[in-house]
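Beneath this line is the structure, given in structure tokens, with notes to follow.
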Amino acid sequence: MQKRHCFFNIAKELTEHVKKLRQCRLCPRMYPPVVSGGAVVSKILLVGQAPGDKEPKIGRPFAWTAGKTLFRWFNEAAGMSEEQFRSSLYMAAVCRCFPGKNPAGGDRVPSPEEVLNCSAWLNHELKILQPALVIPVGKLAIEQFLPLQKLDQIIGRKFRVIRDGHCFDVIPLPHPSGASPWHRKEPGKSLLKRALRHIIKHPAFNFPQHNKGGRYGFSTKS
Ligand code: SF4
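Heads up: the sequence shown is residues 3 to 224, going by this note's numbering.
Structure, rendered in structure tokens:
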């Protein structure tokens, strides 16, 4: 009963949070609308980098080619469909708005000021959800939690992080975009597989299709 009560309080707070997040227009160089995966109460937080130009039109994160690769990884590793993934994990990002195109090609990298602005949303999500596992995807997301290192040194490993007095595991993934070949050749291929194995074995990765542990990714063990 206590757990159920707690779930409804968290869901209410998270719904309020997402509603406010969608109204944010703090960064003048960013292109609204804000992209959010919705108020999914979960013990796992996935942190992407920033949406591309397709995501604001479709209205959800990882909605284009990088997303296809990301969801394929989880489908192959855990038999999880895209919709199961989206309804089980909270999908955050370093920046929630499309930064625009870089004149030299590709998407503009968010400025440190924009990353700082948007970190307030991420910090609030960490506070509300108190995740047991954070999965940062891509270098910009990884460096919000771990000191900057080469991907070879951090992918395939699990780290314990303490932030604002809350302790959680961090298992980084490379960015699934086609722009980087890192995850398609060795040692990236094997390290990616190892990282996915760590995620699937994590106690918070406790979903109905694996062990009937309940909806929304709430681990019954934590
Ligand atoms: S990037 Fe983040 S802080 Fe900046 S306007 Fe979008 S939601 Fe707000």
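Where is the CB? At the ideal position from N, CA and C, for every residue including glycine. Please read these numbers as outputs of a predicted model, since none were measured by experiment.
How is the alpha helix (DSSP H) around residue i delimited, first residue to last?
{"i": "Pro114", "result": "Pro114 to Leu131"}
{"i": "Phe226", "result": "No answer is possible for residue 226: the residues shown for the chain start at 3 and end at 224."}
{"i": "Gly190", "result": "Gly190 to Lys203"}
{"i": "Met109", "result": "It is worth fixing the name first, because residue 109 is Asp in this sequence and not Met. Looking at the DSSP string, Asp109 is not in any alpha helix (DSSP H), and its letter there is neither H nor E."}
{"i": "Leu153", "result": "Leu153 to Ile156"}
{"i": "Glu57", "result": "Glu57 to Ile60"}
Assuming residue i and residue j make a contact with CB atoms under 8 angstroms, what is their CB distance in whole Å?
{"i": "Leu16", "j": "Ser38", "result": "Leu16 to Ser38, Cβ: 11 angstroms. No contact."}
{"i": "Leu142", "j": "Val96", "result": "5 angstroms"}
{"i": "Ile201", "j": "Ile144", "result": "At roughly 14 angstroms, the Cβ-Cβ gap does not stay under 8 angstroms, so Ile201 and Ile144 are not in contact."}
{"i": "Thr67", "j": "Gly190", "result": "Wrong, their Cβ atoms sit about 18 angstroms apart, outside the cutoff."}
{"i": "Pro53", "j": "Phe100", "result": "5 angstroms"}
{"i": "Pro35", "j": "Pro58", "result": "5 angstroms"}
{"i": "His168", "j": "Pro176", "result": "Actually they do not touch by this definition, with Cβ atoms about 25 angstroms apart."}
{"i": "Pro178", "j": "Trp75", "result": "7 angstroms"}
{"i": "His126", "j": "His19", "result": "6 angstroms"}
Taking the DSSP output, what are the residues bridged to residue i?
{"i": "Leu48", "result": "Met93 and Ile137"}
{"i": "Phe100", "result": "Tyr33"}
{"i": "His168", "result": "Arg165"}
{"i": "Leu175", "result": "Val139"}
In the DSSP assignment, find the unbroken beta strand (DSSP E) run with residue i in it and report its ends.
{"i": "Arg252", "result": "The requested residue 252 does not occur in the structure, where the chain is confined to residues 3 to 224."}
Is the Cβ-Cβ distance between residue i and residue j less than 9 angstroms?
{"i": "Pro174", "j": "Ala197", "result": "yes"}
{"i": "Ile12", "j": "Leu131", "result": "yes"}
{"i": "Phe87", "j": "Pro133", "result": "no"}
{"i": "Gly107", "j": "Tyr33", "result": "no"}
{"i": "Leu193", "j": "Arg165", "result": "no"}
{"i": "Ser89", "j": "Val139", "result": "no"}
{"i": "Arg199", "j": "Ala65", "result": "no"}
{"i": "Gln151", "j": "Val117", "result": "no"}
{"i": "Arg98", "j": "Cys8", "result": "no"}
Cβ contact (3+ pairs, closer than 8 angstroms) linking the segment 156 to 164 and the segment 120 to 133
Taking 8 angstroms as the limit for Cβ pairs, the verdict is that the segment 120 to 133 does not touch the segment 156 to 164.
Are the segment 104 to 114 and the segment 65 to 82 touching, with three or more C-beta to C-beta distances below 8 angstroms?
Counting C-beta pairs closer than 8 angstroms gives fewer than three between the segment 104 to 114 and the segment 65 to 82, which falls short of the contact rule.
Would you check if there are 3 or more beta carbon pairs closer than 8 angstroms linking the segment 87 to 94 to the segment 28 to 48?
yes
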